[in-house]
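What follows is a set of notes on a single structure, which appears directly below.
Chains as they are written, first to last, in the working numbering: chain A, 1 to 114; chain B, 1001 to 1114.
Structural data, given as structure tokens:
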């Protein structure tokens, strides 16, 4: 089954404790992206990647890191989480090129930073 | 950058009635406008999209209209059913030559009352 898999689904942590949210897709998509969803603000892009070893900042990159060492994986790293990073996070992927621009989203990771 | 405004933030309709969600965008270069539906506990899923060379597109009970002059586009759902209850996001993007970056609206919580 074609899917984007994020782990964990729920995460509670404390300020300053490094964490990683994993994202994996099995569709051989070139493009992967991370979004955060906050009430009243919709989905805001954190980082995106167009291929292996190619990453770029989105609209709200401060406090986050990403890496793209393999095509299928795109982990989101919070080196020193702060309470304002409490949010619902989504990973997404799609093919580049062609007429189909559909983004496939994971099921989300609800992060709480205390 | 692009700015997308979405209204209303919440919408309740009786089953069988129609629902309309409206979005405006700021960048006249935007030429692709998808709509995503997010069911409770899941990631957003593409339900319909429209490009700037088309004024309207239909898919069964859902339709999207685009007014390029006024820079607004709308989602229309007819004969609403309880399973239409979800959060709906509009988005706008332009082809930057590298990869499209979507700017999402703030979302509309649609509730269909039985």
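A virtual CB, placed ideally from N, CA and C, is assigned to each residue, including glycine. Since the model is a prediction, treat every value here as computed from it, not as a measurement.
When DSSP states are grouped into helix, strand and coil, residue 1056 of chain B belongs to the strand group.
In chain A, no part has a C-beta under 8 angstroms from the C-beta of residue 1073 of chain B; the shortest such distance is about 15 angstroms. Look at residue 103 of chain A: its C-beta is under 8 angstroms from a C-beta on chain B. Judged by DSSP secondary structure, residue 38 of chain A falls within the beta strand (DSSP E) whose first and last residues are 31-38. The CB of residue 85 of chain A never comes closer than 8 angstroms to any CB in chain B; the least such distance is about 19 angstroms. In its chain, beyond the 5 residues on either side, 2, 3, 4, 25, 27, 29, 92, 93, 94 have a beta carbon closer than 8 angstroms to the beta carbon of residue 104 of chain A. In this structure residue 99 of chain A is exposed. Its beta-carbon is surrounded by fewer than 16 other beta-carbon atoms within 10 angstroms. Cβ proximity to chain A below 9 angstroms picks out 1036, 1038, 1041, 1042, 1043, 1044, 1045, 1046 from the stretch 1035-1048 of chain B.
By the Cβ neighbour-count rule, residue 101 of chain A is buried, with 16 or more other Cβ atoms within 10 Å of its own.
Counted as a single uninterrupted DSSP element, the beta strand (DSSP E) harbouring residue 1067 of chain B occupies residues 1062-1067. Annotation for residue 1082 of chain B: 1015, 1112, 1114 place their beta carbon closer than 7 angstroms to its own, counting only its chain and skipping 5 residues before and after. Approximately 5 angstroms separates the beta-carbon atoms of residue 1066 of chain B and residue 1050 of chain B; this is inside 8 angstroms, confirming the contact. Contact with chain A is absent for residue 1025 of chain B, since none of that chain's Cβ atoms lies less than 8 angstroms from the residue's Cβ.
Closer than 8 angstroms to the CB of residue 1088 of chain B there is not a single CB belonging to chain A. Listed in chain order, the positions of the stretch 33-66 of chain A with a beta carbon within less than 9 angstroms of a beta carbon of chain B are 33, 35, 37, 39, 40, 41, 42, 43, 44, 45, 48, 50, 56, 58, 59. Less than 8 angstroms separates the beta-carbon of residue 1057 of chain B from that of residue 1048 of chain B. Around residue 1076 of chain B, the same chain offers 1020, 1063 as residues with beta carbons nearer than 6 angstroms, after the five sequence neighbours per side are excluded.
Under the 8 angstroms Cβ criterion, the stretch 74-87 of chain A counts as touching the stretch 29-42 of chain A, having at least three qualifying pairs. Taking a 10 Å sphere around the C-beta of residue 68 of chain A, we find 16 or more other C-beta atoms and assign the residue as buried. The beta carbons of residue 1106 of chain B and residue 1006 of chain B sit closer together than 8 angstroms.
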